[in-house]
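Heads up, the thing below is written out as structure tokens.
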Amino acid sequence: MPLSRTASLLSLYPHITSRDRLLLQLLDDHQVLTTGQVHRMLFSARRTCQLRLAELAALGLVERFRFSRDGGGSQPWHWVLGHNGHRFQAAAHGRPEPTPRSSNQTVQRLSANPHLAHRVLTNEFFVRLAEHTRRHGNARLERWWSEQITHKQFRTVTADGHGVWTDTGVTVGFFLETDTGSEALGSRVVAKLHKYGELIRGGGARYPVLFWLGSEQREEHLHRLLRGQHTAVPVATATHSTDPASRVWLPREATSRVSLAELPSDHGQAVAANPNYDDGVLLL
Numbered sequence: 560m561p562l563s564r565t566a567s568l569l570s571l572y573p574h575i576t577s578r579d580r581l582l583l584q585l586l587d588d589h590q591v592l593t594t595g596q597v598h599r600m601l602f603s604a605r606r607t608c609q610l611r612l613a614e615l616a617a618l619g620l621v622e623r624f625r626f627s628r629d630g631g632g633s634q635p636w637h638w639v640l641g642h643n644g645h646r647f648q649a650a651a652h653g654r655p656e657p658t659p660r661s662s663n664q665t666v667q668r669l670s671a672n673p674h675l676a677h678r679v680l681t682n683e684f685f686v687r688l689a690e691h692t693r694r695h696g697n698a699r700l701e702r703w704w705s706e707q708i709t710h711k712q713f714r715t716v717t718a719d720g721h722g723v724w725t726d727t728g729v730t731v732g733f734f735l736e737t738d739t740g741s742e743a744l745g746s747r748v749v750a751k752l753h754k755y756g757e758l759i760r761g762g763g764a765r766y767p768v769l770f771w772l773g774s775e776q777r778e779e780h781l782h783r784l785l786r787g788q789h790t791a792v793p794v795a796t797a798t799h800s801t802d803p804a805s806r807v808w809l810p811r812e813a814t815s816r817v818s819l820a821e822l823p824s825d826h827g828q829a830v831a832a833n834p835n836y837d838d839g840v841l842l843l
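So the number in this note's numbering is just where the residue sits in the sequence shown, counting from 1, plus 559.
If you want it as structure tokens, here you go:
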């Protein structure tokens, strides 16, 4: 039986597992995940995942929505924090208690956001890395930061996300730029690389900037643009159809693809010296 939306949080505790807490933190950090993404990160069986999500929804910890597909059918369920999920995360992080109205507004604004598909696709990149770690014990997603946390920490850059990845003892940081094909690559790339260059010149992190593109045609076009840019920013590209943990990354001016762990990476002096540098929460 669903608990009241205003029930004491203490009454929820016997129902919340450590895996549930990780899911709530993921949704707090990254706002939305599909059923398939939750399954691939946290569950072995899809049916078990579906049943558990339904139970968490009955507790008011999560909510779901989905839209119809053009041409028929429906998109997958998209999961977000429910009101009790917002309350739990607020208590866990010392934030003010949300009201039912504010929680409802948060869900409505997120679900109607025209950039929702871009956010889900960006999360998909990191979900694939997390999924890879479940099959390969020598790999670990050390850090997964959202656009908001990345901008807060690095200030000058507006990447779609930032991560730190370890594979077979090699650790690299990276910035992610997710391309949905809706923007002109030329003006966007020039502006982005300028900001990353400023970060490097200021002693900040020299991480590779990963452009994750929707097609091979977009990737070829981007490399033609990069040949005309003089920059110290390391850049690599791959397409959405690939496993980002594999040898799919084509560095600028390279002829062969490499793995994520083979890309150049330097944390920089400013990061190490910054007393406000926060290593984040999620580590899979």
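Ideal Cβ positions, reconstructed from N, Cα and C, are used throughout, including at glycine.
- Membership of L785 in any beta strand (DSSP E) is not indicated; the residue belongs instead to the alpha helix (DSSP H) covering E775 to L785.
- If you check the CB distance, V686 and Q596 come in under 9 Å.
- Under the three-pair Cβ rule at 8 Å, the region 689-698 does not count as touching the region 744-756.
- Runs of beta strand (DSSP E) with 3 or more residues, each lying fully within the region 700-773, are found at 720-726, 729-737 and 768-772, listed in chain order.
- Judged by DSSP secondary structure, E690 falls within the alpha helix (DSSP H) whose first and last residues are L675 to R694.
- The beta carbon of G827 sits closer than 7 Å to those of G762, G763, A764 and R765, all from its chain and outside the five residues before and after it, given in chain order.
- When DSSP states are grouped into helix, strand and coil, H799 belongs to the coil group.
- From the listed residues H652, L571, F602 and T814, the smallest Cα separation to A689 is found for F602.
- For V794, the pairing in a beta bridge is given by DSSP as V768.
- Residue pairing by DSSP places W638 opposite L592 and R623 in a beta bridge.
- For S824, there is no enclosing alpha helix (DSSP H), since its DSSP letter is neither H nor E.
- Non-local beta-carbon contacts of S824 in its own chain, meaning distances under 6 Å to residues more than five positions away in sequence, involve V731, G732 and Y766 in chain order.
- The DSSP-derived three-state label of L582 is helix.
- Secondary structure note for S818: it is in no alpha helix (DSSP H), with a DSSP letter that is neither H nor E.
- Note that the region 583-593 touches the region 631-645; at least 3 beta-carbon pairs, one per stretch, sit closer than 8 Å.
- With respect to R811, H789 sits apart: the two C-beta atoms are not nearer than 9 Å.
- Rounded to the nearest whole angstrom, the C-alpha separation of R625 and L675 is 11 Å.
- In this structure, DSSP gives S661 a helical state, which the three-state scheme calls helix.
- Beta-carbon to beta-carbon, T798 and L772 are separated by about 5 Å, close enough to satisfy the 8 Å threshold.
- Rounded to the nearest angstrom, the gap between the Cα atoms of R605 and L582 is 15 Å.
- Under a 10 Å Cβ-count criterion, L752 is classified as buried, with 16 or more other Cβ atoms of the shown protein chains found around its own Cβ.
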